[in-house]
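Visitor:
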Amino acid sequence: MSSSASVTASESKRDAAGGFLRVPGFAAPFAGCFFEEPLEVSRAIGECYPCGDWKITRYIERMAKRSTTTAVFYGNMDWFDVEDEPGTLPPAFAQAKKLWKADPKRNGNAVIKLLQPYAAAAFLPSTLLDWEEWFADPNGDGMPEIKAAWVRLLGVDFKKSGRSPLPVAKMEAEFEVSMKASFKPADFHSWLDDNGVSLYDAVSFMWSVPDADASDGVALYTWTNNEGQECVLTKKKRASAE
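Counting from 1, position 20 in the sequence shown corresponds to residue 24 in the working numbering; the numbering is continuous, with no gaps.
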């Protein structure tokens with residue numbers, strides 16, 4: 005548990021100004037303790053009361069909401085390949101390859117439609133230097149992974165992929181990422197510039213296909229090389245691929 009129950013009376017006054025947070029009396033043995041982050045309160049009480057009564061459950065949910073805000077990031081990757089040898093793939097990949105080889109221009113839309121369901125992307129804040137300064141870690145495992153709100157397959161090329169049944173591809177995606185409540189876009193951009201942090205390092209594109217042998221029933225074939233990638237903080241959500 006990370007608390008500051010021994011803070012002085014003067015420090016405790018920060019509670020009203022958005023500083024330390026006092027835990028209510030019903031959540032003993034944390035009553036009267038102070039925490040610097042709302043999420044610390046949520047985790048500490050949640051661990052102590054895994055089943056919890058309704059008051060504690062509502063308090064945990066309220067603290068979790070107060071601890072974060074949401075930022076939207078847009079990312080893309082041009083012509084990435086996958087070096088991993090895939091297992092059994094859905095028939096759609098063989099069908100798409102056949103159509104592409106017959107006439108890539110005329111059959112382009114049909115190929116995209118066949119493979120769009122298997123396009124996937126993730127945002128991984130922990131790959132960035134000092135990421136904890138801005139990004140929230142709701143699960144507390146030190147490795148938050150945010151699945152894309154949507155992914156759009158923009159193009160494929162089976163010639164570049166050689167003998168691989170997975171085509172070289174380019175995709176774009178949008179991510180709704182939990183940030184610390186103190187997040188401010190202007191300060192965040194300054195931090196990126198001052199520390200030479202590249203947001204695109206946090207973006208990963210891949211193919212996600214059903215696999216009965218995988219622990220969660222899905223095999224992920226992640227990019228190995230690419231011809232360019234980008235990631236930016238956006239102000240508005242863009243249209244999804246659907």
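C-beta atoms are modelled at their ideal positions from N, C-alpha and C, and glycine is treated no differently.
Under the rule that 16 or more other beta-carbon atoms within 10 Å means buried, what is residue 194, buried or exposed?
Guide: exposed
Visitor: I need the boundaries of the beta strand (DSSP E) containing residue 214, first residue and last residue.
Guide: 207-214
Visitor: With a 10 Å radius around its C-beta and 16 neighbouring C-beta atoms as the bar for buried, classify residue 85 as buried or exposed.
Guide: buried
Visitor: Tell me, please, which residues DSSP counts as bridged to residue 82.
Guide: DSSP lists no partner for residue 82.
Visitor: Would you mind sorting residue 110 into buried or exposed? The rule is 16 or more other CB atoms within 10 Å of its CB.
Guide: Exposed, since its Cβ has fewer than 16 Cβ neighbours within 10 Å.
Visitor: Can you check which of these residues, 87, 72, 170 and 227, is closest to residue 143 by C-alpha distance?
Guide: Cα-wise, what sits closest to residue 143 is 72.
Visitor: Please state if the CB of residue 139 and the CB of residue 77 are separated by a distance shorter than 8 Å.
Guide: Contact flag unset, no.
Visitor: Three-state secondary structure (DSSP) at residue 157?
Guide: strand
Visitor: Using C-beta distances below 7 Å, list every residue in its chain close to residue 212, excluding the 5 sequence neighbours before and after it, in chain order.
Guide: Closer than 7 Å at Cβ, skipping near neighbours: 122, 124, 222 and 224.
Visitor: Indicate whether the contact test is met: 3 or more Cβ pairs, each with one atom in the region 143-155 and one in the region 163-178, closer than 8 Å.
Guide: yes
Visitor: Can you give the Cα-Cα distance for residue 107 and residue 99, rounded to whole angstroms?
Guide: 13 Å
Visitor: Please tell me whether residue 226 and residue 208 are closer than 8 Å, where the distance is taken between their beta carbons.
Guide: yes
Visitor: Let me know if residue 105 comes out buried or exposed under the rule of 16 or more other beta-carbons within 10 Å of its beta-carbon.
Guide: Around the beta carbon of residue 105, a 10 Å sphere encloses fewer than 16 other beta carbons of the protein chains shown; the residue is thus reported as exposed.
Visitor: Ordered along the chain, which non-local residues of its own chain (more than five positions away) have a Cβ less than 6 Å from that of residue 172?
Guide: 83, 85, 161, 164 and 165
Visitor: Taking the CB atoms as reference points, tell me whether residue 74 and residue 186 lie closer together than 8 Å.
Guide: no
Visitor: Are the beta-carbon atoms of residue 102 and residue 169 separated by less than 8 Å?
Guide: no
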